[in-house]
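Q: To start, I am sharing the structure in question, which I have written as structure tokens.
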Amino acid sequence: MKKYKKIKILTRTSSTIHEIMINLYKVINAETKLNIMKKKVVIVGSGLAGSFLVMLLQDDCKVTLLTKGNVSESNSMLAQGGIAAVMSKSDSLTSHVHDTLVAGSFHNDVKVVETVIEEGPEILQELMNLGLGFDQDAHGNLLYGMEGAHSQRRILHSGGDQTGRIITSFVQSKWKNVEMIASAYAVDIIKQNEKACGLIYLDKEGNWQEIFADDIILATGGIGGLFPYTSNDQTLTGDGVALAMRAGAQAKDLEFIQFHPTIFSVDGHCCGLVSEAVRGDGARLVNDLGAYFMEEVHPLGDLAARDIVSCKVYQQTLNGRKIFLDIADVQNFTKRFPTIDQNLKKYGFNVERDKLIPIQPGAHFLMGGVKTDLSGATSVSNLYAVGEVACSGVHGANRLASNSLLEILVFAKRVATDIKNKTLALQDSFIKENKEIESLPNLPTVQELQKRAWKAIGIVRETAKMKEFLAWLEQFTLVEQIPRNWSKKEIECYNLCQIACDITKMALARKKSLGAHYILRKEI
Ligand code: SIN
-6 MKKYKKIKIL
4 TRTSSTIHEI
14 MINLYKVINA
24 ETKLNIMKKK
34 VVIVGSGLAG
44 SFLVMLLQDD
54 CKVTLLTKGN
64 VSESNSMLAQ
74 GGIAAVMSKS
84 DSLTSHVHDT
94 LVAGSFHNDV
104 KVVETVIEEG
114 PEILQELMNL
124 GLGFDQDAHG
134 NLLYGMEGAH
144 SQRRILHSGG
154 DQTGRIITSF
164 VQSKWKNVEM
174 IASAYAVDII
184 KQNEKACGLI
194 YLDKEGNWQE
204 IFADDIILAT
214 GGIGGLFPYT
224 SNDQTLTGDG
234 VALAMRAGAQ
244 AKDLEFIQFH
254 PTIFSVDGHC
264 CGLVSEAVRG
274 DGARLVNDLG
284 AYFMEEVHPL
294 GDLAARDIVS
304 CKVYQQTLNG
314 RKIFLDIADV
324 QNFTKRFPTI
334 DQNLKKYGFN
344 VERDKLIPIQ
354 PGAHFLMGGV
364 KTDLSGATSV
374 SNLYAVGEVA
384 CSGVHGANRL
394 ASNSLLEILV
404 FAKRVATDIK
414 NKTLALQDSF
424 IKENKEIESL
434 PNLPTVQELQ
444 KRAWKAIGIV
454 RETAKMKEFL
464 AWLEQFTLVE
474 QIPRNWSKKE
484 IECYNLCQIA
494 CDITKMALAR
504 KKSLGAHYIL
514 RKEI
């Protein structure tokens, strides 16, 4: 280990207007003070979680939303399948809870599962009353889609396969009172007396900025960028989990990463998701030898839980097989799946003519994340996390398809309620103490990191490979605070290294396969 020069900087920073207002508080009557000032909330991320939180908080709080790219870039915008919810009389909460627990290998927090599944439909109904539309038949009845490991058709969808984009844009259309900062890259949490009180970010010109708030909500999404093959938006580089952990927040279940079995494959590259809902409407997995191989693997066949299907597809590809989704039996493909159809067309693929879509598996969703309670609060006071960045416990070891948008709606509402009900605390003036910064570690290229991550902590894991990966990673994970001479690209790479390190440690600690954490015991 190298010897590093220690630098210690102590600066006093004023949280400007916010601090002046707080000082004013101190001289006025305690009973009147809460009426004159709104809480200040900073939300990081503009997918469905961040966007819905703006809608819920804007009347009561002063809300600032930071987004890494722009409001149309997020995994929520890409969500095709839909939103799983018990809305039909023929369905039941018990059945949805049961399916969620089975898919999650019973590693889920049962109380959280029940809460999400019970509270979700009411929130959806409220949004529908405000004008959010889901696909219906000619008689105005909601149409329910089917996805893997569901025992009922219960997936609400909008615009066919455009559900995520339609819901997210709908809640964004309700914004009226928000300060939006686009191209703002959140770097580190600022803490005072062990409480989160602000955020350091890089603005679009590459300048370092600080913003102060009573509460900070992370809604930054997942970690798809850690892998060379992913369905995720390119902005997803694990930033929220990494910065929360640097701030001392607990993380949980990071070893559980969901790989989606059917991503459109072009020359070995992932070129857009082909939703599981396509299999729900009759598509089947087949290899280049013509074998419909899922039939022999699981009683649910092509609609087995995602971890099972991905593992089987991966094993087939390791054996040199090419895998396709046979869509011959899917009715009205172009109407039901317009986004997928458009994407396939971009690559010269015509679903009227070509019935075998080449696919490959890739990283899709992180079940673990920053540990949160039933109010969405993390272990650091005044810091919340919602959506994929959080580990609420609802998904267990493998997420049931289309449960993520439901989790977001329920937890965004719970966070908003918690924040609105909390008494506004008086904060002391902020004293910034820069941690002792050791020297700067050299970073690997993201491509090198992705290649190694895929081999060590991808779909199939081996203890020896994980240990080797961890030893390689440990040379890069040396700083406790991001040095201010790093560029956005360097910080992204550093965050990915940090996350990879924690995922690998948790994966090594879990000795037995469970859900999406699959350890190879014998050669495939
Ligand atoms: C899909 O449409 O296959 C993905 C849906 C989900 O991740 O829940």
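For the sequence shown, the working numbering begins at -6 and goes up steadily by one. Note that the Cβ used here is the ideal one computed from N, Cα and C, for glycine as well. Please read these numbers as outputs of a predicted model, since none were measured by experiment.
Consult DSSP for residue 221 and reduce its assignment to one of helix, strand or coil.
A: By one-based count along the sequence shown, residue 221 stands at place 228. Coil at residue 221, not helix or strand.
Q: If we count Cβ pairs, one from each stretch, closer than 8 Å, do we get three or more for the segment 196 to 216 versus the segment 457 to 466?
A: Short answer: they don't touch.
Q: Taking residue 448 as the reference, give the member of 203, 219 and 117 with the closest Cα.
A: Taking the first residue of the sequence shown as position 1, residue 448 is located at position 455. Nearest option by C-alpha distance: 219.
Q: Compare the C-alpha of residue 258 against each of 484, 267 and 137 and name the closest.
A: Position 265 of the sequence shown holds residue 258. Of the candidates 484, 267 and 137, the one whose C-alpha sits nearest the C-alpha of residue 258 is 267.
Q: Buried or exposed for residue 289, please, with buried defined as at least 16 other CB atoms from any protein chain shown within 10 angstroms of its CB.
A: Here residue 289 refers to the residue found at position 296 when the sequence shown is read from its first residue. Exposed.
Q: Starting from residue 258, trace the beta strand (DSSP E) both ways and give me its first and last residue.
A: Numbered from its first residue, the sequence shown carries residue 258 at position 265. Element bounds for residue 258: 250 to 259.
Q: Flag this pair as touching only if the segment 224 to 239 and the segment 172 to 189 have three or more C-beta atom pairs under 8 Å; answer yes or no.
A: A contact exists between the segment 224 to 239 and the segment 172 to 189.
Q: Report the option in 72, 88 and 70 whose CA atom is closest to the CA atom of residue 78.
A: In the sequence shown, counting from the first residue as 1, residue 78 sits at position 85. Checked all of 72, 88 and 70; the closest Cα to residue 78 is 88.
Q: Threshold first: 4 residues or longer. Then list the alpha helix (DSSP H) segments lying entirely within the segment 110 to 176, N to C.
A: Whole alpha helix (DSSP H) segments, 4+ residues: 156 to 165.
Q: Give a yes or no on whether the C-beta atoms belonging to residue 244 and residue 105 are separated by under 7 Å.
A: In the sequence shown, counting from the first residue as 1, residue 244 sits at position 251. In the sequence shown, counting from the first residue as 1, residue 105 sits at position 112. For residue 244 and residue 105, no; Cβs fall outside 7 Å.
Q: Taking 7 Å as the limit between beta carbons, can you name the residues of its chain near residue 390, skipping five residues before and five after?
A: The residue you call residue 390 lines up with position 397 of the sequence shown. Correct list, in chain order: 97, 98, 100, 249, 360, 507, 508, 509 and 510.
Q: Measure the C-alpha to C-alpha separation of residue 480 and residue 110 and round it to an integer number of angstroms.
A: Residue mapping note: residue 480 aligns to position 487 of the sequence shown, counting from 1. Residue mapping note: residue 110 aligns to position 117 of the sequence shown, counting from 1. Cα to Cα, residue 480 sits roughly 42 Å from residue 110.
Q: For residue 463, which of helix, strand or coil comes out of DSSP?
A: To locate residue 463, count along the sequence shown from 1; it is residue 470. Of the three classes helix, strand and coil, the one that applies to residue 463 here is helix, per DSSP.
Q: According to DSSP, is residue 228 helix, strand or coil?
A: For this step, residue 228 is matched to residue 235 along the sequence shown. Residue state, collapsed to three classes: coil.
Q: Could you please give me the residues that DSSP links to residue 203 through a beta bridge?
A: The residue given as residue 203 occupies position 210 in the sequence shown. Answer is 193.
Q: Do residue 379 and residue 72 have their C-beta atoms within less than 7 Å of each other?
A: Here residue 379 corresponds to residue number 386 of the sequence shown, with the count starting at 1. Here residue 72 corresponds to residue number 79 of the sequence shown, with the count starting at 1. Contact flag unset, no.
Q: Any residue with its Cβ nearer than 5 Å to a heavy atom of ligand 1 should be included. What is that list in chain order?
A: Taken from the N-terminal end onward, the list reads 73, 74, 268, 269, 394 and 395.
Q: Report all residues from its chain with a CB closer than 6 Å to the CB of residue 20; omit the five preceding and five following residues, and keep chain order.
A: For the purposes of this step, residue 20 is taken as residue 27 along the sequence shown, with counting starting at 1. Any reading at residue 20 must be qualified, since the residue scores a pLDDT of 39, below 50, and its modelled position is unreliable; no value is offered.
Q: Determine the direct distance from the alpha carbon of residue 411 to that of residue 24, and round the result to whole angstroms.
A: Taking the sequence shown and counting its residues from 1, the one referred to as residue 24 is at position 31. Taking the sequence shown and counting its residues from 1, the one referred to as residue 411 is at position 418. Per-residue confidence for residue 24 stands at a pLDDT of 38, beneath the threshold of 50, marking its modelled position as unreliable; no derived number is given.
Q: Distance, Cα to Cα, residue 188 vs residue 376?
A: Start at 1 with the first residue of the sequence shown, and residue 188 comes out as number 195. Start at 1 with the first residue of the sequence shown, and residue 376 comes out as number 383. In a straight line, the C-alpha of residue 188 is about 8 Å away from that of residue 376.
Q: Please return the same chain residues whose Cβ sits closer than 7 Å to the Cβ of residue 328, not counting the five positions on each side in sequence.
A: What you label residue 328 is simply residue 335 of the sequence shown in a count that begins at 1. The answer, listed in chain order, is 153.
Q: Measure the Cβ-Cβ separation of residue 94 and residue 127 and say whether it is below 7 Å.
A: The residue labelled residue 94 in the question sits at position 101 within the sequence shown. The residue labelled residue 127 in the question sits at position 134 within the sequence shown. No, the Cβ-Cβ distance between residue 94 and residue 127 is not below 7 Å.
Q: With DSSP run on the structure shown, which of helix, strand or coil describes residue 317?
A: The residue given as residue 317 occupies position 324 in the sequence shown. In the structure shown, residue 317 sits in a strand (DSSP, three-state: E or B).
Q: Looking at the unbroken alpha helix (DSSP H) that takes in residue 365, where does it start and where does it end?
A: The count along the sequence shown starts at 1 and reaches residue 365 at position 372. Residue 365 -> no alpha helix (DSSP H), and no H or E assigned at all.
Q: Provide the residue(s) that pair with residue 583 in DSSP beta bridges, ordered along the chain.
A: Given a span of -6 to 517 for the chain in the structure shown, any question on residue 583 remains unanswerable.
Q: Please state if the CB of residue 61 and the CB of residue 417 are separated by a distance shorter than 7 Å.
A: Stepping through the sequence shown from its first residue, residue 417 is reached at position 424. Stepping through the sequence shown from its first residue, residue 61 is reached at position 68. It is not a contact, given that the beta carbons lie outside the stated cut-off.
Q: In whole angstroms, what separates the C-alpha of residue 34 from that of residue 341?
A: Here residue 34 is taken as the residue at index 41 of the sequence shown, counted from 1. Here residue 341 is taken as the residue at index 348 of the sequence shown, counted from 1. Roughly 46 Å separates the two Cα atoms.
Q: Just to confirm, are residue 347 and residue 315 a CB contact at a threshold of 7 Å?
A: Position 354 of the sequence shown, counting from 1, holds the residue named residue 347. Position 322 of the sequence shown, counting from 1, holds the residue named residue 315. Going by C-beta atoms, residue 347 is not nearer than 7 Å to residue 315.
Q: Please report the Cβ distance between residue 171 and residue 45, rounded to the nearest whole angstrom; I am assuming they are in contact, meaning their Cβ atoms lie under 8 Å.
A: Sequence index remark: in the sequence shown, residue 171 carries index 178 (1-based). Sequence index remark: in the sequence shown, residue 45 carries index 52 (1-based). Their Cβ separation, rounded to whole angstroms, is 12 Å, which puts residue 171 and residue 45 out of contact at 8 Å.
Q: By Cβ distance below 6 Å, which residues in the same chain neighbour residue 103 in space, the five residues on each side in sequence not counted?
A: For the purposes of this step, residue 103 is taken as the residue at position 110 of the sequence shown. If we look at residue 103 and ignore the five residues flanking it on each side, it has no Cβ neighbours.
Q: Note down, in chain order, each residue of its chain lying with its Cβ closer than 6 Å to the Cβ of residue 65, except the 5 sequence neighbours on either side.
A: Within the sequence shown, residue 65 is the residue found at index 72, counting from 1. Result list for residue 65: empty, nothing under 6 Å.
Q: Do you know how far the Cα of residue 142 is from the Cα of residue 160?
A: Within the sequence shown, residue 160 is the residue found at index 167, counting from 1. Within the sequence shown, residue 142 is the residue found at index 149, counting from 1. Those two C-alpha atoms are separated by around 24 Å.
Q: Is the beta carbon of residue 489 sitting closer than 7 Å to the one on residue 223?
A: Within the sequence shown, numbered from 1, the residue matching residue 489 stands at position 496. Within the sequence shown, numbered from 1, the residue matching residue 223 stands at position 230. Not closer than 7 Å, so no.
Q: Just the Cα atoms here: how many angstroms apart are residue 15 and residue 206?
A: Working through the sequence shown from its first residue, we reach residue 15 at position 22. Working through the sequence shown from its first residue, we reach residue 206 at position 213. Caution applies to residue 15, whose pLDDT of 43 falls short of 50 and renders its modelled position unreliable; the value that the coordinates give is listed next. Whole-angstrom Cα-Cα distance: 12 Å.
Q: Count the other CB atoms within 10 Å of the CB of residue 253; is the residue buried (16 or more) or exposed (fewer)?
A: In the sequence shown, the residue the question calls residue 253 occupies position 260. The residue in question, residue 253, is buried, as its Cβ has 16 or more Cβ neighbours within 10 Å.
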